[in-house]
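Down below is the structure, laid out as structure tokens.
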Amino acid sequence: MQQQDKRQLILAAAAQVYAAHGFHQATIEQIADAAGVGKGTVYLYFKSKRKLFDSLLFESLQRLIAHTKEVIESQSEPLTRLRRLTNIHLRIFERNHPLLQVILREFTPDKLQHLRPELEQCVQELMDLYVHILQEGMASGSLRPHNPKVAALAFLGAVNQVGVAHNRGHLNLTLAEREEELYRLFVGGLRNERC
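Per our numbering, the very first residue in the sequence shown carries number 680; after that it's consecutive.
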């Protein structure tokens, strides 16, 4: 088995174990068993349970950024791309629901302080991508003039909060309904009336 494949196998097993037991109750032995590897193999790839968890978090963010870049680089109209981004962002929340539950339940901002520079870099990269598409929409005339940084912050914040509320069971809407509500709210407010 390739090293990268084994690393991914360990990450997938860790996500399952963290989701089932929580971060603090999960053990490297449980993760190794779930991955079908020895405990030493886990430590070969990750120095600690915390480093393994941090890697899971960053890989999830990197997937979101990669999907966002794909949509941004597509040739479709800016409003269509905004809708696709909303869908992708919400689907990632659904797909990572168990891991997000662990983060929300066990990690307060002070417990993620050691990751702050890296997390801020990921968030900034996402922000820049959203600002880019909003600027494109204004340049094409499909979106009315606005401050793209404020709009990107508001958009990402709303999508994140809707994802969190759904994961916590506070929002009983399908993925399509959540996507539609967010899209109408934001695009309705940003769309140029002349288009």
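Cβ atoms here follow ideal geometry from the backbone N, Cα and C, with glycine treated the same way. Note that the structure is a prediction, hence the values are computed from the model and not measured.
At what residues does the alpha helix (DSSP H) containing T765 begin and finish? Where T765 is concerned, the enclosing alpha helix (DSSP H) stretches over P757 to R774.
Extent of the continuous alpha helix (DSSP H) run through H845: P827 to N846
Limits of the alpha helix (DSSP H) - the one that H811 falls within: R795 to S819
Should I707 and K728 be called a contact, given that it needs their Cβ atoms to be closer than 7 Å? yes
Would you kindly report the start and end of the unbroken alpha helix (DSSP H) that includes G717? That residue, G717, is in no alpha helix (DSSP H); it is neither H nor E in DSSP.
Could you have a look at L852 and say whether DSSP puts it in helix, strand or coil? coil
Identify the residues that DSSP records as bridge partners of L882: which are they? Residue 882 is absent from the model: the chain starts at 680 and stops at 874.
Coarse secondary structure for H700, derived from DSSP in three states: helix
Residues near A691 in its chain [Cβ-Cβ closer than 8 Å; skip 5 each side]: A714
If we count the other Cβ atoms within 10 Å of its Cβ and call it buried at 16 or more, is T765 buried or exposed? buried
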